[in-house]
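Trainee:
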Amino acid sequence: MKRSVSKQQFTFLQQEFSFLQQQGKMKEADANEMLSLYEAKGSTNFVRILLAFGAILVGVGILSFIAGNWAGLTPFFKFGLIVAGMILAYFAGYKLERDYERTSRSMYYIGAAIFGAGIFLIGQSFHLQHTVYTDFLLWGIGILPLAYYLKDQLLAVFASAFFTIYSFSAFTAYAVGSFDPFWLFLLIPLLFWMNEMRFGRKSSLFVMNVLLSVAFIVNMLEFFHVDEWISVLIVFVLGVLLALAPLKHYRTESSWAGSVLFGITGIMLTFPFIWEDLRFGDSAPYIFTAVFVILLLYLLKKNSLPAILITCALIYRYYTDISYNFMPKSLFFIIGGLLLIGFGFWFEKSRRETVKRHEE
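Be aware that the sequence shown starts at 4, since it is given in my numbering, and climbs by one per residue.
As structure tokens, this is what we get:
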């Protein structure tokens, strides 16, 4: 089985094998044999997007038809119609899988869409007593086996997104006797394991799983009535750890995800209202800001691109806070615009220098 790589990577391999032949380190037959193990995958992206978009339109059309005639159907006929549509879509996907892989994938997507919409419609039809967020939990659980079977990154990302939506009501639902939120204790590690063992360490799924984990932690802290400043500070620390000690196989993704987390929460913690419940709340924002600036200076010294963006955001936050009420509005916007242009120039210059160092 050939390994799919991007067009740029395939071209790079061709150039490297050609260079090794010129240096007498490799024979042409060996180079061709090794190159035959790879294939460029960029040419099929348009077809994949077209089929996925077509699947979405078909799924929306079918569900629109069912919803439009929903009132005139009996509950059991509704249930049978949804199940039949889902089975037909999956059967078509299975039959097309060998010869038309991408068209088959679109059939599976239609089946997954019908399955999810069916959960919502059946819940309304039979008057099931649960929150709408629970439907997202069931939808995510239902498409995970399909994602595993197909090795489909997109379905796994959607499942992670559905679990994230569910996490915002999981503990509220738990308080009134609905689904146990600690299901997510099983599902989050499962998603990380699937990404490692089944999907080949996909960056998008890793980032979604990190966001899901953070959402779960934040909502759990809120359920236990932890003070807001403690919750935000915990996410800030987790972001710093992820940025400073990135995971081995996700160095870039960890750095950026961690930077986004500690950047957003760090700027939040510079506002006084976050620290209202703290005994020394008046001075806490200034103490934290000093620590935050020291951290940013350390990261800037290491030429961290995310740190440049966070520093720009922090400067702009204080510029807005200090000058908005004391400066003519026209001058405020002019200086603010010039600051943004300056930040953009700084970021572009730093990025080019970083790329230049990597090339050298």
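Even glycine gets a Cβ: it sits at the ideal position worked out from N, Cα and C.
(1) Whole angstroms is fine: what's the gap from Ala150's alpha carbon to Phe20's?
(2) Could you compute how far the alpha carbon of Leu215 sits from the alpha carbon of Gly27?
(3) Under the three-state reduction of DSSP, which class applies to Asp155: helix, strand or coil?
(4) Using CA atoms only, rank isn't needed, just tell me which of Gly143, Tyr152, Gly242 and Ile113 is closest to Ala164.
(5) Out of curiosity, what's the CA-to-CA distance linking Ala162 and Ile313?
(6) Taking just the CA atoms, how far does Thr106 sit from Lys81?
(7) Please give the ranges of any alpha helix (DSSP H) in the segment 190 to 257, keeping only runs that are unbroken, at least 4 residues long and fully inside the region.
(8) Which residue from Leu16, Phe219, Val229 and Glu225 puts its Cα closest to that of Trp186?
(9) Since Asn212 and Phe188 should fall inside the 8 angstroms C-beta cutoff, what is the C-beta to C-beta distance between them, to a whole number of angstroms?
(10) If you reduce the DSSP assignment to three classes, tell me which class Asp27 lands in.
(11) When DSSP labels each residue in this structure, what does Asn306 get in the three-state scheme?
(12) Could you say if the segment 227 to 246 and the segment 266 to 276 meet the contact criterion of at least three C-beta pairs nearer than 8 angstroms?
(13) Between the alpha carbons of Glu256 and Ser206, how many angstroms are there, rounded?
(14) By a C-beta neighbour count over all protein chains shown, 10 Å radius and 16 as the cutoff for buried, is Tyr253 buried or exposed?
(15) Can the beta-carbon of Asn158 be found less than 8 angstroms from the beta-carbon of Ala115?
(16) Can you give me the Cβ contacts of Ser234 inside the same chain, cut-off strictly under 7 angstroms, excluding the 5 residues immediately before and after it?
(17) Around the C-beta of Ser286, are 16 or more other C-beta atoms found within 10 angstroms, so that it is buried, or is it exposed?
(18) For Gly145, which option in Trp278, Met29 and Gly119 has the closest C-alpha, if you only look at C-alpha atoms?
(19) Around the Cβ of Val179, are there at least 16 other Cβ atoms within 10 angstroms (buried) or fewer (exposed)?
(20) Answer with buried or exposed for Ala248, where buried requires no fewer than 16 other C-beta atoms within 10 angstroms of its C-beta.
(21) Going by CA-CA distance only, name the one from Leu272, Pro275, Gly242 and Leu16 that's closest to Trp259.
(22) Going by Cα to Cα distance, which pick from Thr137, Leu99, Glu279 and Ile318 is closest to Asp230?
(23) Going along the chain, which residues of its own chain have a beta-carbon closer than 8 angstroms to the beta-carbon of Ile168, five neighbours each way excluded?
(24) Under 8 angstroms between the Cβ atoms of Gly83 and Ile117?
(25) Grab me the residues of Gly57's own chain with a C-beta within less than 7 angstroms of its C-beta, minus the 5 sequence neighbours each way, in chain order.
Mentor: Well, looking at it:
(1) Here residue 150 is taken as the residue at index 147 of the sequence shown, counted from 1. Here residue 20 is taken as the residue at index 17 of the sequence shown, counted from 1. Cα-Cα distance, rounded: 36 angstroms.
(2) Position 212 of the sequence shown, counting from 1, holds the residue named residue 215. Position 24 of the sequence shown, counting from 1, holds the residue named residue 27. If you take the alpha carbons of Leu215 and Gly27, they lie about 51 angstroms apart.
(3) Residue mapping note: residue 155 aligns to position 152 of the sequence shown, counting from 1. In the structure shown, Asp155 sits in coil (DSSP, three-state: anything other than H, G, I, E or B).
(4) Looking up residue 164 in the sequence shown gives position 161. The residue with the shortest Cα to Cα distance from Ala164 is Gly143.
(5) In the sequence shown, the residue the question calls residue 162 occupies position 159. In the sequence shown, the residue the question calls residue 313 occupies position 310. Their backbone Cα atoms lie some 30 angstroms apart in a straight line.
(6) One-based indexing of the sequence shown puts residue 81 at position 78. One-based indexing of the sequence shown puts residue 106 at position 103. When rounded, the distance between both Cα atoms is 27 angstroms.
(7) 206 to 226 and 231 to 247
(8) For the purposes of this step, residue 186 is identified with residue 183 of the sequence shown, where counting begins at 1. Answer by Cα proximity: Phe219.
(9) Here residue 212 refers to the residue found at position 209 when the sequence shown is read from its first residue. Here residue 188 refers to the residue found at position 185 when the sequence shown is read from its first residue. With a Cβ gap of about 13 angstroms, Asn212 and Phe188 do not count as contacting.
(10) Working through the sequence shown from its first residue, we reach residue 27 at position 24. Note that residue 27 is Gly in the sequence shown here, rather than Asp. In this structure, Gly27 counts as coil in the three-state DSSP scheme.
(11) On the sequence shown, residue 306 is found 303 positions in, with the first residue counted as 1. If DSSP states are grouped into helix, strand and coil, Asn306 belongs with coil.
(12) yes
(13) Start at 1 with the first residue of the sequence shown, and residue 256 comes out as number 253. Start at 1 with the first residue of the sequence shown, and residue 206 comes out as number 203. For Glu256 and Ser206, the distance between alpha carbons rounds to 7 angstroms.
(14) On the sequence shown, position 250 is the one that residue 253 refers to. Classification of Tyr253: buried, given that the 10 Å Cβ count is 16 or more.
(15) Numbered from its first residue, the sequence shown carries residue 158 at position 155. Numbered from its first residue, the sequence shown carries residue 115 at position 112. Going by the sequence as given, residue 158 is Leu instead of Asn. A contact, by the Cβ cut-off of 8 angstroms.
(16) The residue you call residue 234 lines up with position 231 of the sequence shown. The answer, listed in chain order, is Val221, Leu224 and Glu225.
(17) As a position in the sequence shown, residue 286 is number 283, starting the count at 1. Exposed: under 16 other Cβ atoms inside 10 Å.
(18) Along the sequence shown, read from residue 1 onward, the residue named residue 145 stands at position 142. Of the listed residues, the one whose Cα sits closest to Gly145 is Gly119.
(19) As a position in the sequence shown, residue 179 is number 176, starting the count at 1. Summary for Val179: the model assigns pLDDT 45, below 50, so the residue's position carries little reliability; its value from the coordinates is reported in the next sentence. Exposed: under 16 other Cβ atoms inside 10 Å.
(20) One-based indexing of the sequence shown puts residue 248 at position 245. So Ala248 counts as exposed.
(21) The residue labelled residue 259 in the question sits at position 256 within the sequence shown. It is Gly242 whose Cα lies nearest to the Cα of Trp259.
(22) Position 227 of the sequence shown holds residue 230. The candidate whose alpha carbon is nearest that of Asp230 is Glu279.
(23) One-based indexing of the sequence shown puts residue 168 at position 165. If we look at Ile168 and ignore the five residues flanking it on each side, its Cβ neighbours are Tyr136 and Phe139.
(24) Here residue 83 refers to the residue found at position 80 when the sequence shown is read from its first residue. Here residue 117 refers to the residue found at position 114 when the sequence shown is read from its first residue. No, the Cβ-Cβ distance between Gly83 and Ile117 is not below 8 angstroms.
(25) Reading the sequence shown from its first residue, position 54 is the one you call residue 57. Only Ser109 meet the Cβ criterion.
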